[in-house]
Amino acid sequence: MDRRRLVGVLLVVVSAIAFGSGALFAKPVYSVGLDWLTLLVWRFGIGAALAWGWLLASPTRRAALRSTSRRLALAALGLGAIYTLNSGTYFAALETVPASLASLIVYIYPVLVAVLTLRIGRPLSGRGPWVALAIATVGAVLAVGGVDPGRVPPLGGIALAVASPIIYSGWIVLSARLGGERRDRSGDEGDEGAGAAVASALMMTSTWAILTSLAIVTAHPVAPAAIPGGAWPGLIGIGLVSTFIAIQTFYGGARRIGAAQAALISTIEPAYTIVMAAILFGERLAPIQIVGGCLIMGAVILAQWASRSSGTRTALRLADE
2 MDRRRLVGVL LVVVSAIAFG SGALFAKPVY SVGLDWLTLL VWRFGIGAAL AWGWLLASPT
62 RRAALRSTSR RLALAALGLG AIYTLNSGTY FAALETVPAS LASLIVYIYP VLVAVLTLRI
122 GRPLSGRGPW VALAIATVGA VLAVGGVDPG RVPPLGGIAL AVASPIIYSG WIVLSARLGG
182 ERRDRSGDEG DEGAGAAVAS ALMMTSTWAI LTSLAIVTAH PVAPAAIPGG AWPGLIGIGL
242 VSTFIAIQTF YGGARRIGAA QAALISTIEP AYTIVMAAIL FGERLAPIQI VGGCLIMGAV
302 ILAQWASRSS GTRTALRLAD E
């Protein structure tokens, strides 16, 4: 595995763990009386502030900001609006859906991304990654099968949880397109991630502005004085880890390996969330969920081995020509 691809895979793994921690940070925030909208205002407020700090700390990234065209800036702001819908549906679902189940439902999105990139972006190469994707999907289904049937959440919560990955799939493909991904390449290679830093800062700012406007219109408590002290660790954790770190590393990873591969590797997230939810919240971890998690991890390993083999065969064929 070449260095660029290895770094991309590691960044996506970090991103998956960071995103997977979002549900874990959210549950304690809900337990002190805050709802999903107040949580998201602070999530993206903290995330956007950190993103701008990261952007402005580097001369290269500042130069990228100055050279960003109006079209690209508007596209990034539009992606922020899409992310508002994705994040809102997911965290609203978490008010009634167990963290482990919500995380698993979200993971229909790698399949959707893989299909979308057949037409837009860089698709999965060869049969191996598609087999791995099928295995990962079966693993997620088995893990969902471990949910206690006596604790089935409301249909509205399930509907919100299903809407989130559909929206997220579109966001990933459009983000990759904005980052330079085309059918013949993963993404822009020459800016050392500066363009991604600009895009993520603009996107998070747009998401925060929309959510804050909605909170003000609906009279939600968002001022610091209105936030219970017990909510701050969760809010800071979700802003730093599950927003700033998660989005920056996903952008960086997808730029190196492509949106479809990044989505496939991200299937380790539900396995992580299930285990941590069992440890932290006592959510039931059935044997079938363990089997599902093992299938997901095996699929990620298979995908990387298959992609490497496919790349080697392509190189040999080109050498023969």
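Those letters in the sequence shown? Residues 2 to 322, per the numbering used here, in order. Note that beta-carbon positions come from the ideal geometry of N, C-alpha and C, so glycine has one too.
Whole-angstrom C-beta distance between residue j and residue i, which should lie under 8 Å
i, j, result
"T268", "Y108", "6 Å"
"T97", "A216", "Incorrect: roughly 20 Å between the Cβ atoms, too far for contact."
"A197", "Y273", "In fact, because the Cβ distance is near 24 Å, the residues do not count as touching under 8 Å."
"L115", "A264", "Note that residue 115 is Ala in the sequence shown, not Leu. Right, the Cβ-Cβ distance comes to about 7 Å (below 8 Å), so this counts as a contact."
"G140", "G293", "4 Å"
"A260", "V132", "With 8 Å as the limit, A260 and V132 do not qualify as a contact, their Cβ atoms being about 19 Å apart."
"I289", "L143", "5 Å"
"F26", "G235", "4 Å"
"A94", "A82", "Not quite, the Cβ-Cβ distance comes to about 20 Å (not below 8 Å), so this is no contact."
"L1", "A135", "Residue 1 cannot be examined here, being either before or after the span of the chain that is shown, 2 to 322."
"A74", "A195", "The Cβ separation is near 14 Å, so there is no contact."
"L161", "T90", "5 Å"
"V10", "I280", "So it is not a contact: roughly 26 Å between Cβ atoms."
Residue range of the alpha helix (DSSP H) that includes residue i
i, result
"I211", "A195 to V218"
"G180", "Taken as a continuous stretch (DSSP letters only), G180 belongs to no alpha helix (DSSP H), as it is neither H nor E."
"T274", "I269 to F282"
"A255", "A247 to I258"
"I18", "R4 to S32"
"G323", "Limits of the chain in this structure are 2 at one end and 322 at the other, which puts residue 323 out of reach."
Segment contact, 8 Å Cβ cut-off, at least three pairs: the region 28-37 with the region 67-79: no
Along the chain, which unbroken stretches of the alpha helix (DSSP H) at least 4 residues long are found entirely within the region 48-128? 60-68, 71-94, 100-107 and 110-117
How about the region 252-266 and the region 75-90: do they share at least three Cβ pairs that are nearer than 8 Å? no
Is there contact between the region 161-180 and the region 41-51, where contact requires at least three CB pairs shorter than 8 Å? no
Kindly confirm or deny that the region 2-19 and the region 238-253 touch, where touching means at least three C-beta pairs closer than 8 Å. yes
At least three beta-carbon pairs within less than 8 Å, the region 49-69 to the region 195-213: yes
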